[in-house]
Amino acid sequence: NFMLTQPHSVSESPGKTVTISCSGSGGNIGANYVQWYQQRPGSVPTPVIFADDLRPSGVPVRFSGSIDRSSNSASLTISGLEPEDEADYYCQSYVNNTMVFGGGTRLTVL
Amino acid sequence: QVRLQESGPGLVKPGDTLSLTCTVSGGISFQYWTWIRQSPGKGLEWIGNIYHTGSTNYNPSLESRVTMSIDKSKKQFSLNLTSVTAADTAVYFCARLGIKTSNALDVWGQGTTVSVSS
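Right under this line is the structure:
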């Protein structure tokens, strides 16, 4: 079964850069697009990256996504961290017409 | 702008069927729609997708208990989950797979909390 594995938590200081990884197993992460969602406490998830590296309208350029096919992983990078970036982040992809989510990463902005 | 609103009972007894409806304000045709759930303090879990034609794909781990349907005339799509247990207690979200966002979930309902308890 295809799985996406994320670190449980990451933390960094305001103004710094943080990268959240999403490692694929049981399949090729590059075979379908990867999306990233931000879920602030008590709120609904919203997409911050779609199609591996594209930002939806309104998402700051501080958010970027990438795919590393050699390591079968995706990454979400947030630069110039702001307190409002503190949230849970989920990667998501598809395999064989089924949707798969990573377990989520809690980002703490210290 | 498309908006989604989930509705249904907030409390379901063990062994019963959980039934939820998502009402779409805006177009429902030529789109994929989905149900996602989130157990308390846990991550997101995909339940299944439905296309405007009624074609479905379900999470293999839930497939034996899930049925999704769509009523385009009412601009609604629905979820039935049979034989529920406490493990099905969660916030249930309906969402849209965005055409312009390569099937990212670009519109979400606010979510509805369903508790399974006697």
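Those sequence lines, one after another, are chains A and B. If you're matching positions, the first sequence starts at 13 in my numbering and goes up one per residue. If you're matching positions, the second sequence starts at 85 in my numbering and goes up one per residue. Even glycine gets a Cβ: it sits at the ideal position worked out from N, Cα and C.
- Scanning chain A for C-beta atoms nearer than 8 Å to the C-beta of residue 125 of chain B yields nothing, as the closest lies near 11 Å away.
- By the criterion of a C-beta distance shorter than 7 Å, residue 71 of chain A is surrounded in its chain by 60, once the five residues flanking it on both sides are discounted.
- Among the residues facing chain B, residue 113 of chain A is included, as its CB has a counterpart in that chain under 8 Å away.
- By the Cβ-count criterion, residue 85 of chain B is exposed, with fewer than 16 other Cβ atoms from all chains shown falling within 10 Å of its own Cβ.
- Taking a contact to require three or more Cβ pairs closer than 8 Å, the region 25–32 of chain A and the region 152–170 of chain B do not qualify as touching.
- Between residue 152 of chain B and residue 130 of chain B, the C-beta spacing is not below 8 Å.
- Classified as exposed, residue 95 of chain B has fewer than 16 neighbouring CB atoms from the shown chains inside 10 Å of its CB.
- If you draw a 10 Å sphere on the C-beta of residue 90 of chain B, you find 16 or more other C-beta atoms in it, and that means buried.
- Here the C-alpha atom of residue 150 of chain B lies approximately 9 Å from the C-alpha atom of residue 143 of chain B.
- Per DSSP, the beta bridge partners of residue 99 of chain A are A:119.
- At least 8 Å separates the CB of residue 26 of chain A from every CB of chain B.
- For residue 47 of chain A, the nearest CB of chain B lies under 8 Å from its own CB, placing it at the interface with that chain.
- When Cβ-Cβ separations below 8 Å define contact, residue 188 of chain B makes contact with chain A.
- Distance from the CA of residue 154 of chain B to the CA of residue 134 of chain B, rounded to the nearest whole angstrom, comes to 8 Å.
- Beta-bridge annotation (DSSP): residue 64 of chain A is not paired with any residue.
- At a cut-off of 8 Å between C-beta atoms, residue 110 of chain A counts as an interface residue with respect to chain B.
- When beta bridges are read from the DSSP output, residue 155 of chain B appears opposite B:160.
- Only residues of its own chain outside the window of five on either side were considered, and among them 14, 16 and 105 have a CB closer than 6 Å to the CB of residue 112 of chain A, listed in chain order.
- Here residue 183 of chain B is exposed, its C-beta having fewer than 16 other C-beta atoms within 10 Å.
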